[in-house]
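Trainee: Numbering (my numbering), first residue to last: 5 to 300. Glycine included, each C-beta is placed from N, C-alpha and C at the ideal position. Once you've had a glance at the structure underneath, I'll fire off some questions.
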Amino acid sequence: MNFPRSRHAAMYYNNSDTVLVIGGVQQNNVSISQSEIISISGAQLHSSMSQPRYFHEINIFNNSNILIVAGLTSNSILPFEIYNRNSLTFQQLAASHLRLLNLEGHSVTSLGSTGNLLIFGGFNGSSYSGVGFIYDGLNLTPAGNLSITELETKDEIPARAHHQATYIPQINAVLITGGDNGTYAFFNSYLYFPANKTFVPTAYMRMPRSFHKALLLSNGSVIIIGGAAGMFNYQPITPTNSVEMYNPFTRMFTYGPLLNAARYLHQATSFQDVVYVSGGIGGGGAILSSNEYLIF
5 MNFPRSRHAA
15 MYYNNSDTVL
25 VIGGVQQNNV
35 SISQSEIISI
45 SGAQLHSSMS
55 QPRYFHEINI
65 FNNSNILIVA
75 GLTSNSILPF
85 EIYNRNSLTF
95 QQLAASHLRL
105 LNLEGHSVTS
115 LGSTGNLLIF
125 GGFNGSSYSG
135 VGFIYDGLNL
145 TPAGNLSITE
155 LETKDEIPAR
165 AHHQATYIPQ
175 INAVLITGGD
185 NGTYAFFNSY
195 LYFPANKTFV
205 PTAYMRMPRS
215 FHKALLLSNG
225 SVIIIGGAAG
235 MFNYQPITPT
245 NSVEMYNPFT
255 RMFTYGPLLN
265 AARYLHQATS
275 FQDVVYVSGG
285 IGGGGAILSS
295 NEYLIF
């Protein structure tokens with residue numbers, strides 16, 4: 005990358021071997037709006053969001069747009085934004101659902117061909133959330149208005165932030181792993197089934213982790229990458245280089261290959277079962293500029 009960053013967002017770009025990296029925070033704790041395109045040959049600076057943000061989440065919908073949800077900055081209110089992959093520009097959207105403002109540590113997950121996104125959990129600066137929302141990506145108006153419905157979760161999942169939520173098309177479910185409540189990181193994981201809008205518990209991970217990453221592989225397995233194994237005074241501690249694999253058919257976790265560097269608050273994205281891991285925070289609190297690949 006052109007400079008170290010953490011608490012950023014990243015995803016593979018336009019079905020190619022390039023990665024779009026958006027926002028984040030630098031070593032001096034200054035949030036940035038700039039994006040960059042990264043490939044094996046190097047990195048180049050790209051367009052910027054309407055304002056800096058970090059701890060935001062992104063996901064693709066309608067095949068050409070990327071939704072950027074919440075996050076933090078010096079501005080107390082951050083509206084949603086859309087990045088249009090055709091025009092290569094960012095568009096600020098109308099006011100978001102009040103419970104989704106000033107949120108960090110939440111997840112945004114595409115629910116397959118429905119065009120919907122699941123937004124779950126998070127921390128608003130005073131309390132943790134165990135609530136889910138469905139964003140209807142098919143009904144975005146030209147004025148940028150959003151269609152968001154709150155789910156009735158009935159307290160099935162303890163409130164948490166800094167978890168991961170991964171859609172598994174083979175079983176039409178979302179795997180929610182780990183996270184924390186500010187005091188400790190979670191072992192447990194859950195499945196959300198969009199067909200009947202229910203949450204059910206599944207297996208425990210091999211170790212607790214928060215601020216980790218989780219990605220779907222082509223065989224339906226989910227790879228769980230790095231993270232912090234503990235929390236102290238609302239801050240992550242003990243970065244790990246361990247990797248786990250979740251099998252959706254046996255509903256069990258097993259250990260996978262180790263990372264070269266222990267890290268949390270990193271980013272990871274995959275293309276054709278090649279997993280790209282970037283940045284984050286390592287031992288001693290150092291912000292990392294290193295990248296590494298895992299091949300499956």
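So, are the CB atoms of L121 and S131 less than 9 Å apart?
Mentor: In this structure, S131 does not lie closer than 9 Å to L121 by Cβ.
Trainee: Which class does S193 belong to by DSSP, given the choice of helix, strand or coil?
Mentor: Here S193 sits in strand by DSSP.
Trainee: Can you pull the DSSP bridge partners for S151?
Mentor: DSSP lists no partner for S151.
Trainee: At which residues does the beta strand (DSSP E) containing K201 begin and terminate?
Mentor: Premise fails: K201 is in no beta strand (DSSP E) and is neither H nor E.
Trainee: May I have a chain-ordered list of the beta strand (DSSP E) segments no shorter than 3 residues that lie completely inside the region 209-269?
Mentor: Runs found: 217-220, 226-229, 232-236, 239-243, 247-251, 256-259.
Trainee: In terms of alpha-carbon separation, which member of S111, V29, S225, L263 lies closest to Y139?
Mentor: The candidate whose alpha carbon is nearest that of Y139 is S111.
Trainee: Can you list, in chain order, the residues of its chain whose CB lies under 6 Å from that of F197, leaving out five sequence neighbours each side?
Mentor: A177, listed in sequence order.
Trainee: With C-beta atoms as the reference, is A218 less than 9 Å away from A189?
Mentor: Cβ atoms of A218 and A189: not closer than 9 Å.
Trainee: How big is the Cα-Cα spacing for H270 and N237?
Mentor: If I take the Cα positions, the gap works out to 21 Å.
Trainee: Given a cut-off of 9 Å, decide if L298 and Y250 are closer than it, judged by their beta-carbon atoms.
Mentor: Going by C-beta atoms, Y250 is not nearer than 9 Å to L298.
Trainee: Alpha carbon to alpha carbon, how far is D277 from T244?
Mentor: Using only the alpha carbons, I get a separation of about 22 Å.
Trainee: Distance, Cα to Cα, N168 vs V34?
Mentor: Reading the sequence as shown, one finds Gln at residue 168 and not Asn. Distance between the alpha carbons of Q168 and V34 is about 25 Å.
Trainee: Out of G224, R210, N69, point me to the one whose CA is closest to T170's CA.
Mentor: Among G224, R210, N69, the Cα nearest to that of T170 is on G224.
Trainee: For L24, which three-state DSSP category applies?
Mentor: In the structure shown, L24 sits in a strand (DSSP, three-state: E or B).
Trainee: Terminal residues of the continuous beta strand (DSSP E) containing F124?
Mentor: Looking at the DSSP string, the run of the beta strand (DSSP E) that includes F124 is 120-127.
Trainee: Kindly indicate which residue of T242, I70, R267, M211 has the alpha-carbon position closest to the one of G182.
Mentor: Of the candidates T242, I70, R267, M211, the one whose C-alpha sits nearest the C-alpha of G182 is M211.
Trainee: Would I86 and L107 qualify as a contact pair, given that the criterion is a beta-carbon distance under 9 Å?
Mentor: Contact flag unset, no.
Trainee: Counting C-beta neighbours from all protein chains within 10 Å, is the total for L262 16 or more, i.e. buried, or is it exposed?
Mentor: So L262 counts as exposed.
Trainee: Starting from the C-beta of I241, find all residues in its chain whose C-beta is less than 8 Å away, skip the five residues before and the five after it, and write them out in chain order.
Mentor: Once the five neighbours on either side are set aside, the close Cβ partners of I241 are A232, A233, G234, M235.
Trainee: Alpha carbons only, please: which of P252, A165, L220 is nearest the one belonging to L340?
Mentor: Because the chain is modelled from 5 through 300, residue 340 falls outside the range shown and cannot be assessed.
Trainee: Helix, strand or coil for G116? Go by DSSP, reduced to three states.
Mentor: The answer is helix: DSSP assigns G116 an H, G or I state.
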